[in-house]
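The structure appears right after this line, and notes come after that.
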Amino acid sequence: MAILRYSLYFIGVTIIIGALTRLEVWYPGFLNLQYFAEPTDSLGTSEYSPIELIQPMILALSGLLMAWVAWFCPTQRPLAIALGGLSLACFLREMDYVLDLLFVDRLWQALIAVAGALVIAYLYRHWKRLTIAFARAWPSPGLTLFFSASLILFCIVHFVGHEPMWQSLLGDDYVRLVKLAVEEFIELIGYLLWLIASIEYTYQARAIAFQPPEPKAQRQRKRRRKMKERRF
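Reading the sequence shown from the start, the letters are residues 528 to 759 in the numbering used here.
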């Protein structure tokens, strides 16, 4: 079953990335990474790009999966709420242009602050349950993929998409569209990994929720056996 899932992940990511790149080749300008909304706009925006439209959908799906875990898997609820809170924060960040355009400027920051405060307060009150949920879930493919996706989204994208670096590399040949293309595709890869991580974690949380309870002595024997195996 795991082999089938990971094969489907590989095929799905290949289809999405391949389709976006081929459509840009076949129909130049399809990705629309630098749209000038106003004549006075000198930088343009990538918010009208298909890539930017796919990213919130990925985050919304990830958030729904975490909501399912929080509702149906009580033992994993604190961890699911923490991961779902991160998905919500990223979703609001990706929707910043729409929120600022339709409502109030910087509204997305206020929404993230409110949602973040609620999640942090919940986790503080249920810190012990959070540590237990993490201990039961770690190590796992889902949490490992969450770490990999976070590394891409919160670290690599910001450094690779740093405009002064591209200006230094290309000099007089610098074109902002090139920087945007690299940045947005790396970010899309990070979000796709985040979705895969959400699916894998959901599978694991479901297995944890429906497995029969073990006596404390049996859990301690398993823990001691794992510690012995790690020595070698």
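Just so it is clear, CB atoms sit at the ideal spot from N, CA and C, and this is done for glycine as well.
Check, Outcome
"For TYR562: DSSP bridge partner residues", "THR572"
"CA-to-CA distance, ILE716 to LEU657, given in whole angstroms", "28 Å"
"Three-state secondary structure assigned by DSSP to ARG633", "coil"
"Of the residues LEU629, LEU592, THR572, the one placed nearest LEU488, counting alpha carbons only", "What is shown of the chain runs 528 to 759, which leaves residue 488 out entirely."
"Complete runs of the alpha helix (DSSP H) confined to the region 649-696 [at least 4 residues]", "654-664, 668-678, 684-687"
"Start and end residues, alpha helix (DSSP H) containing PRO605", "604-621"
"Own chain, CB closer than 7 Å to ILE723, minus 5 neighbours either side, in chain order", "TYR536, LEU672"
"Cβ-Cβ separation, TRP635 to LEU645 (assumed contact under 8 Å), whole Å", "With 8 Å as the limit, LEU645 and TRP635 do not qualify as a contact, their Cβ atoms being about 16 Å apart."
"Option in ALA616, ILE543, ALA564 with minimal Cα separation from ILE581", "ILE543"
"Three-state class that DSSP yields for GLY557 in the structure shown", "This sequence places Phe at residue 557; Gly is not what is there. Three-state DSSP puts PHE557 in coil, outside helix and strand."
"Contact under 8 Å by Cβ, LEU591 with CYS617", "no"
"For TYR575 and LEU550, the rounded distance between their alpha carbons", "16 Å"
"Per-residue DSSP class, three states only, for TYR701", "coil"
"Of the residues ILE735, LEU707, ILE726, LEU720, the one placed nearest LEU560, counting alpha carbons only", "LEU707"
"DSSP state of MET528 mapped onto helix, strand, coil", "coil"
"Cβ shell of ALA676 (< 7 Å), same chain only, five flanking positions each side left out", "GLY717, LEU720, TRP721, ALA724"
"Buried/exposed call for LEU629, threshold 16 Cβ in 10 Å", "exposed"
"Sequence-distant residues of the same chain with beta carbon closer than 8 Å to VAL583, five excluded per side", "The residue asked about is misnamed: residue 583 is Pro in this sequence, not Val. Cβ within range, chain order: PHE618, GLU621, MET622."
"Supposed close pair ALA734, THR602 - CB separation, criterion 8 Å", "Actually they are not in contact, since the Cβ atoms of ALA734 and THR602 sit about 11 Å apart, beyond 8 Å."
"Under 8 Å between C-beta atoms of LEU531 and LEU547", "no"
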